[in-house]
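Residues 1 to 243 (UniProt numbering) make up the sequence shown, in order.
Remarks on the structure that follows.
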Amino acid sequence: MATQGEHEYFEKIGHDGMQHATHKPWSDAECGLYLMELGAMLGLMPERGRLLDMGCGTGWTSVMFAKRGYDVVGTDLVPQAIAAGYQLKEKEGLENLQFVAADYESLSFREEFDVVVFFDCLHHAVDEVSALQSAWRALKPGGICITSEPGLGHARRSAAVMAEFGTTERDMHPAKIIRSGKKAGFRDFSVHPHASYLYIALYRQTANSRLGKLLRIPGMRTLVGLFTVLLSKHQAGIVVLRK
């Protein structure tokens, strides 16, 4: 069951915050990270099918999946966010996109989807097992659930956000997702490094700081990228769960 802070979040962020949320990823300073992460997730998903976008917020990820060709249902518990999603749908003229206002911990879909996506939202769950059970029920046999979550240390880093908005911000690392997925009924799992981490390590311009100077040493970015591939997925990574 979601907290009151989750229900009130889009009211608290105001008009400017809502505009930013609606126009992501283009409105966000971390646009490149979002695009690279979504690209990696698309590579791990079937090329077509029916997709359930969990905790979709204002629906910008749902729009991107629909533009790719999936038949998409986006779900979020806040009606204000769903209304913003329908505005995006109309603006883009997408017939293969629908939205449902509902709590992803208690959805009633049964074997309707080929893919379920949790993009940066499972860590808001009060009970992640219930959320993953909703995903398991919604998937057809052999379907996949794919998650991209901030991982270890997120609750500590988000203390100010929790204090200001009252939202749920929890660590949601691969081991926890896999344990919860097993309880939900998933039978097969794989973990992949966050593509957004590789973006930071290999491609993003760095400021004139000590770290920036270090990364400009020839070959250093390659070493950092390799380290990211080898170790980061245990802290935070893309998790694929198969029904």
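Positions of the beta carbon are idealized from the N, C-alpha and C atoms, including for glycine.
What you are looking at is a predicted structure, and each value in this text was computed from that prediction instead of being measured.
What does the alpha-carbon distance come out to for the pair residue i and residue j?
{"i": "residue 181", "j": "residue 241", "result": "7 Å"}
{"i": "residue 127", "j": "residue 218", "result": "46 Å"}
{"i": "residue 95", "j": "residue 73", "result": "11 Å"}
{"i": "residue 88", "j": "residue 66", "result": "11 Å"}
{"i": "residue 236", "j": "residue 51", "result": "23 Å"}
{"i": "residue 30", "j": "residue 159", "result": "20 Å"}
{"i": "residue 201", "j": "residue 64", "result": "25 Å"}
{"i": "residue 173", "j": "residue 117", "result": "16 Å"}
{"i": "residue 130", "j": "residue 105", "result": "5 Å"}
{"i": "residue 108", "j": "residue 99", "result": "14 Å"}
Would you give the residue range spanned by the alpha helix (DSSP H) that residue i belongs to?
{"i": "residue 193", "result": "First-last for residue 193: 188-193, but that is the beta strand (DSSP E), not the alpha helix (DSSP H)."}
{"i": "residue 17", "result": "14-22"}
{"i": "residue 156", "result": "154-157"}
{"i": "residue 109", "result": "That residue, residue 109, is in no alpha helix (DSSP H); it is neither H nor E in DSSP."}
Going by beta-carbon coordinates alone, are residue i and residue j separated by less than 9 Å?
{"i": "residue 58", "j": "residue 81", "result": "yes"}
{"i": "residue 6", "j": "residue 77", "result": "yes"}
{"i": "residue 196", "j": "residue 47", "result": "no"}
{"i": "residue 28", "j": "residue 20", "result": "yes"}
{"i": "residue 125", "j": "residue 170", "result": "yes"}
{"i": "residue 55", "j": "residue 121", "result": "yes"}
{"i": "residue 110", "j": "residue 137", "result": "yes"}
{"i": "residue 239", "j": "residue 190", "result": "yes"}
{"i": "residue 148", "j": "residue 113", "result": "no"}
Output the boundary residues of the beta strand (DSSP E) element that contains residue i.
{"i": "residue 238", "result": "237-242"}
{"i": "residue 119", "result": "113-119"}
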